[in-house]
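Student: Provided herewith is a single structure, encoded as structure tokens, for subsequent inquiry.
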Amino acid sequence: MRKVKSVRFVLFAILLFAIVLLGGCAQPTAAPAPTSAPVATAVQPPTSAPATSAPTQAPTTAPAATTAPTSAPVATTAPTAAPKPAVKQPSGTLNVALSTFESETFLPWNGGVARQSYLLMIYDVLVYSDPKTDEQKPGLAEKWEMSPDGKTWTFYIRKGVQFHESYGELTSEDVKYSFERMIDKTSVGSPAQLLRNIIDKVEAPDPYKVVVSLKTPYVGLVGGYLNDTNAGGIIVSKKYVTTVGDEKANAHPIGTGPYTLAEEHKKGGPIKLTTVPEVEKHWRITPDYQNVNLLLVPEEATRVAMLKTGEVDLAPVSYDSIDSVKSSGLNVISIQKNWAPLIRFGGIVTTDPKRYDANNPWSKKEVRQALNYAVDRAAIAKTIFKGEATPVGASMPLNVWSDIPPYAYDVAKAKQLLTQAGYPNGFQVPLRTFTTNPGAELPTLGEAVALYWKAVGIDVKIVPSDWNTVRGDLLGMKANNYLFVQRGQPFVDFQAGFDLEYDSANMFAIYATPEVIQQYNQIKSELDPKKREQMAREFGLYVKDEATNVFLVSANDPYGASKKIGRWSSIRMRPQNIEYITRP
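Pasting the structure below:
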């Protein structure tokens, strides 16, 4: 009897062991006890409700409760589909104060380049300049190429870019039309005259290809005129402008940019912009801010006050105001070596009788040199620009001219040259002053230079003016008998700067002689980059000796910024790329 009980006990123990073993085998082999959260790829999203809605059904991938994971299992909360990234939607308003709006016009060919601050928010351009490297980047032109002889440029147009208000896709015909309007004899656009001189014809052989044939080789065409540093590459809708006419197209501009006018602009009033419908699909940029208001505020003290009260979020400030702006809890953004303030001479284009007056004292090289020696640039850099400037011997902050030494401060030398030129007791001269963007300090600078000149016998009459008036005088050949303040610009391609100052065919040219024109033409036709740069530097030394301007300093460009501004990648030359301003 005891033997039977022993056998039964052994059989019962074996059976119990088998049950335990089988129960253990029922656990999923794909989910060992994890030491961290299960890997997301091991979870298959369910096509119906998650497993927690059916507790009687064991999940196929979730670990057993006894494994006690260190974080919650993810299988029971898996979404039905991968989440889509949130679509960026612009919001809020950015208020920007500028010292000038220039002509307050909205077509590329009916005003100057200072309008880029607002034009480039409404329109796109063929090519964009990298703010950090000055490298040329694709814009409306996806790529471009120059022929070996430098006389033919071919642009391949980006497909699918749409004009505002259903005016259709931008094509080569719009590019051709924009070029032809810019070089038309009625155009007053900044690059108009120079482009007229070099462009022979523009062709559109297919909807996405434009061929520009030049009269002479021109290596600097893209970097000088067709990017966002100039107005030559801004493209308008041919259909729109030819349908409604220039007057309506100017009052209600239509482009392909991320913004449009929120309301018709009235001279002197704010320029109000708002994002276009579906701006989140814009090919170039979806801005952070839905609305941008540009305010015309010529007075620097008023701009600073508006920054401090929160009326504006961005504004150019003087160097004197930097500490005050910072102490108010605002930021200061400085664009490095962004301009070169200087004094220009009227009436020294010797190759054009209508723009030359031999009776001007400054028509003599010795007088121009004397006016350069009479100025203490180091003191100007330290006092007016608070150390945010460097004395220079060039009219533009160009890389190829960066090492040209400035004129020394030498009052005795200045007096000697004036006597040598026949003016031992000096002379009287009117000096027109105005502000630009950048250039809020130009009137103050003019007054400082006038004091230095007084020490060598020059009697300066300061005439407050504005750039539009002086610009009109230059175009009308009426600027021969006065001097004026101005700013040299950091052109991406130095050739554009040479065109501006030394091409006698350009109405804004400051100085031209047969020797200058010869050197200028040689540089323009040189295709070898290294030779071209060397020739450009030698040219800089030559025009410095000719004292074509009163060279002063190369200056940084400070802006006061509110806490609403994170990053602002403004290119050098002027306040633009406003559409790229980010939130903090």
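If you read the sequence shown in our numbering, its first letter stands for residue 14, the second for the next number, and so on.
Beta carbons: idealized from backbone N, C-alpha and C, even for Gly.
Just so you know, these numbers come straight off a predicted model, no measurement behind them.
Contact criterion: CB-CB distance below 9 Å. Does Leu-308 meet it with respect to chain B?
Tutor: In the displayed structure, chain B is absent; only one protein chain is listed.
Student: From the DSSP output, read off the bridge partner residues of Gly-501.
Tutor: Answer is Ala-353, bridged to Gly-501.
Student: What runs of the beta strand (DSSP E), each 3 residues or longer, lie entirely inside the region 399-423?
Tutor: Runs of the beta strand (DSSP E) inside the region 399-423: 402-404.
Student: I need the DSSP call for Trp-375, collapsed to helix, strand or coil.
Tutor: Three-state result, Trp-375: helix.
Student: Pick from Val-362, Lys-350, Ala-318 and Thr-364: whose alpha carbon is nearest that of Leu-343?
Tutor: Closest option to Leu-343, Cα to Cα, is Ala-318.
Student: Helix or strand or just coil, what does DSSP make of Met-490?
Tutor: Coil.
Student: Consult DSSP for Val-232 and reduce its assignment to one of helix, strand or coil.
Tutor: Note: Val-232 maps to coil in three-state DSSP.
Student: I'd like the list of long-range same chain contacts for Val-126, defined as Cβ closer than 7 Å, with 5 residues on each side in sequence excluded.
Tutor: Cβ neighbours of Val-126 beyond the five flanking positions: Ser-203, Asn-243 and Ala-244.
Student: Would you call the region 328-342 and the region 150-167 in contact, with 3 or more CB pairs under 8 Å?
Tutor: Segments in contact, no.
Student: Between Leu-120, Val-330 and Ala-518, which has its C-alpha nearest Thr-255's C-alpha?
Tutor: Closest option to Thr-255, Cα to Cα, is Leu-120.
Student: Using a 10 Å radius around the Cβ and a threshold of 16 neighbouring Cβ atoms, would you call Lys-557 buried or exposed?
Tutor: Lys-557 is buried by the Cβ-count criterion.
Student: Just checking, does the region 132-146 make contact with the region 195-215 on the three C-beta pairs under 8 Å criterion?
Tutor: Taking 8 Å as the limit for Cβ pairs, the verdict is that the region 195-215 does not touch the region 132-146.
Student: Just to confirm, is the Cβ distance from Ser-112 to Arg-316 under 9 Å?
Tutor: In this structure, Arg-316 lies closer than 9 Å to Ser-112 by Cβ.
Student: Thinking C-beta only, is Ser-160 closer than 9 Å to Asn-481?
Tutor: Against a cut-off of 9 Å, the Cβ pair of Ser-160 and Asn-481 comes out as no contact.
Student: CB Phe-564 to CB Val-305, shorter than 9 Å?
Tutor: Result no, Cβ atoms of Phe-564 and Val-305 do not sit closer than 9 Å.
Student: Whole-angstrom Cβ separation of Tyr-133 and Gln-589, contact assumed at under 8 Å?
Tutor: For the sequence presented, residue 133 should be read as Leu rather than Tyr. Correct: roughly 5 Å between the Cβ atoms.
Student: Tell me whether Lys-557 sits in a helix, a strand or coil according to DSSP, three-state version.
Tutor: In this structure, Lys-557 counts as helix in the three-state DSSP scheme.
Student: Using the Cβ count rule (16 or more neighbours within 10 Å means buried), how would you classify Glu-129?
Tutor: This sequence places Gln at residue 129; Glu is not what is there. Classification of Gln-129: buried, given that the 10 Å Cβ count is 16 or more.
Student: With H, G and I counted as helix, E and B as strand and the rest as coil, what does DSSP make of Gln-57?
Tutor: Summary for Gln-57: the model assigns pLDDT 32, below 50, so the residue's position carries little reliability, and this model does not support an answer.
Student: Using the Cα positions of Pro-329 and Trp-581, report the straight-line distance between them to the nearest angstrom.
Tutor: So the two alpha carbons sit approximately 13 Å from each other.
Student: Residues in its own chain within less than 6 Å of Val-505 by CB, not counting five upstream and five downstream?
Tutor: So the qualifying residues of the chain are Ser-142, Asp-147, Gly-236 and Thr-242.
Student: Which residues in the same chain have their Cβ closer than 6 Å to the Cβ of Thr-526, if we skip the five residues on either side of it in sequence?
Tutor: These residues qualify, in order along the chain: Thr-363.
Student: If we count Cβ pairs, one from each stretch, closer than 8 Å, do we get three or more for the region 178-196 versus the region 458-478?
Tutor: Judged by Cβ distances under 8 Å, the region 178-196 makes no contact with the region 458-478, as fewer than three pairs qualify.
Student: Using a 10 Å radius around the Cβ and a threshold of 16 neighbouring Cβ atoms, would you call Thr-199 buried or exposed?
Tutor: With fewer than 16 other Cβ atoms within 10 Å, it is exposed.
Student: With burial defined as no fewer than 16 other Cβ atoms inside 10 Å of the residue's Cβ, what is the status of Glu-502: buried or exposed?
Tutor: In the sequence under discussion, the amino acid at residue 502 is Gln, which differs from the Glu named in the question. It is buried - the Cβ of Gln-502 has at least 16 other Cβ atoms within 10 Å.
Student: For Leu-496, write down the residues that DSSP places opposite it in a beta bridge.
Tutor: Note: Leu-496 sits in a beta bridge opposite Phe-358 and Leu-444.
Student: Examine the ligand FMN and report whether any of its heavy atoms sits within less than 8 Å of the Cβ of Asn-481.
Tutor: Of the ligands one can find in the structure shown there are none, so the ligand FMN has no counterpart to examine.
Student: Counting C-beta neighbours from all protein chains within 10 Å, is the total for Ala-78 16 or more, i.e. buried, or is it exposed?
Tutor: Any reading at Ala-78 is ruled out, since the residue's pLDDT is 35, under 50, leaving its predicted position unreliable.
Student: Measuring CB to CB, does Thr-446 end up less than 9 Å from Ser-478?
Tutor: Result yes, Cβ atoms of Thr-446 and Ser-478 sit closer than 9 Å.
Student: Considering only residues of the same chain and omitting the five flanking positions on each side of Tyr-555, which have a CB-CB separation below 7 Å?
Tutor: Closer than 7 Å at the Cβ level, and outside the excluded window around Tyr-555, lie Gln-532.
Student: The alpha helix (DSSP H) spanning Val-257 covers which residue range?
Tutor: Start and end: 251-257.
Student: What do you get for Thr-599, buried or exposed, if any count of 16 or more other CB atoms within 10 angstroms of its CB means buried?
Tutor: Outside the shown range of the chain (14 to 597) lies residue 599, about which nothing can therefore be said.
Student: Starting from the N-terminal side, write out each stretch of the alpha helix (DSSP H) that is 4 residues or longer and does not extend beyond the region 242-312.
Tutor: Those alpha helix (DSSP H) runs which fall completely within the region 242-312 and span 4+ residues are 251-257 and 259-264.
Student: Assess contact between the region 270-279 and the region 539-548, defined as three or more Cβ pairs (one per stretch) separated by less than 8 Å. Is contact present?
Tutor: The region 270-279 vs the region 539-548: no contact.
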